[in-house]
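Undergrad: Pasting in a structure now, in structure tokens, and then I'll have a few things to ask.
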Amino acid sequence: AMLAFAATVKQVLSTATTPTVLASIPLVTFDGEKATTHEFVELNDPVMGGRSSGTWSVMPTFGVMDGEVVDVPSLQAPGFIKAAADGAFPDAASASAGALELEVRSTTPQYAGFRVSLAAGAVAPPYSCAGGGSIPLSRGCYKAKFSVPAGDGWHAVSVPFASFSDLWSPATGEHTKECSEDASACLTAKKLSSLQRVELWAEGAVGKVHLELKSVSAVPAAPHPNSTPLLTVSSPAALAAAAALAAAAQRS
6 AMLAFAATVK
16 QVLSTATTPT
26 VLASIPLVTF
36 DGEKATTHEF
46 VELNDPVMGG
56 RSSGTWSVMP
66 TFGVMDGEVV
76 DVPSLQAPGF
86 IKAAADGAFP
96 DAASASAGAL
106 ELEVRSTTPQ
116 YAGFRVSLAA
126 GAVAPPYSCA
136 GGGSIPLSRG
146 CYKAKFSVPA
156 GDGWHAVSVP
166 FASFSDLWSP
176 ATGEHTKECS
186 EDASACLTAK
196 KLSSLQRVEL
206 WAEGAVGKVH
216 LELKSVSAVP
226 AAPHPNSTPL
236 LTVSSPAALA
246 AAAALAAAAQ
256 RS
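Residues 6 to 257, numbered by my numbering, are exactly what the sequence shown covers, in order.
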């Protein structure tokens, strides 16, 4: 029995490999890297009759959205400012069970209307990101809320892909259907494989806005905390020691 056990251990150890860890996928950076450098354009609610104002500027290593959201007179509700970038983005399908990670900081962390949207599968991304699925042919712009912690340093803010939906009100930015309620509103791996547009919003809440963005990445989900491997090999030295033990057991 000992010989059989030793043989089994040797066979398992001989085929053991280090578990694959999926790396995060950079989507937007400001370091000049061709695949992730995109031009953002500011768009504010005056195109909708509002009076909000905002600007987008680029510093050496980050972008800055600055402005103020005020009520749209005709709606008697807060308007928006946003910055949008179109282009070909890296394939993020492998992160579909994970989250979008924004490396950000803000001097207005109390602002309550920060949102981010990703266009994918849209007939026309600007149109979809104005309609939110509320008008014909405007599906494909997936939006989610986020908040920024206070402090001078950069913060990694995680926005789960499951919290995005392409069904939302263009008047308020609020979801009209959640992904959990309607599978057609979900940001799937297929959609993440061919992103068309990234947008940062300040929407649905009045107030001054200052948001600095250093990067946007897609981050795969971490292994489930309750999953326990049958065999864990922590290092090459541990693997060698286990193999030596198995060999010794076979000789005995």
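Glycine is no exception: its CB is placed at the ideal position from the N, C-alpha and C atoms. Treat the numbers as computed from the prediction; the structure is a model and nothing was measured.
Would DSSP call Phe94 helix, strand or coil?
TA: Reduced to three states, the DSSP call for Phe94 is coil.
Undergrad: State the Cα-Cα distance for the pair Glu44 and Pro78, rounded to the nearest angstrom.
TA: Rounded to whole angstroms, Glu44 to Pro78 spans 31 Å at the Cα level.
Undergrad: Exposed or buried, which one is Lys195 when buried takes at least 16 other CB atoms within 10 Å?
TA: Exposed, by the Cβ-count rule.
Undergrad: Span of the beta strand (DSSP E) holding Glu59?
TA: With the sequence shown as reference, residue 59 is identified as Gly, and Glu is not the correct amino acid for it. Element bounds for Gly59: 58 to 63.
Undergrad: Could you compute how far the alpha carbon of Ala97 sits from the alpha carbon of Leu200?
TA: Cα-Cα distance, rounded: 8 Å.
Undergrad: Shortest alpha-carbon distance to Gly55 belongs to which of Ala227, Ala176, Leu197?
TA: Taking only the C-alpha atoms, the option nearest Gly55 is Ala176.
Undergrad: When the Cβ atoms of the segment 95 to 115 are set against those of the segment 173 to 190, are three or more pairs found closer than 8 Å?
TA: Result no; under three Cβ-Cβ pairs closer than 8 Å.
Undergrad: Using only alpha-carbon positions, find the residue among Pro225, Gly68, Asp171, Ala227 that is nearest to Gly126.
TA: It is Asp171.
Undergrad: Return helix, strand or coil for Asp50, following the three-state DSSP convention.
TA: Asp50 falls in the helix class under three-state DSSP.
Undergrad: Between Asp76 and Phe119, what straight-line distance do the alpha-carbon atoms span, to the nearest angstrom?
TA: Looking at the two C-alpha atoms, the distance is approximately 16 Å.
Undergrad: In whole angstroms, what is the alpha-carbon distance linking Val162 and Ser99?
TA: Roughly 19 Å between the two C-alpha positions.
Undergrad: Would you call Ser168 buried or exposed, if buried means 16 or more other Cβ atoms sit within 10 Å of its Cβ?
TA: Buried is the call here.
Undergrad: Using DSSP's beta-bridge definition, name the partner residues of Leu216.
TA: Answer is Met70, Ser111, bridged to Leu216.
Undergrad: Do you know whose CA, among Ala227, Ala207, Val211, lies nearest Val69's CA?
TA: Of Ala227, Ala207, Val211, the residue nearest in Cα terms is Ala207.
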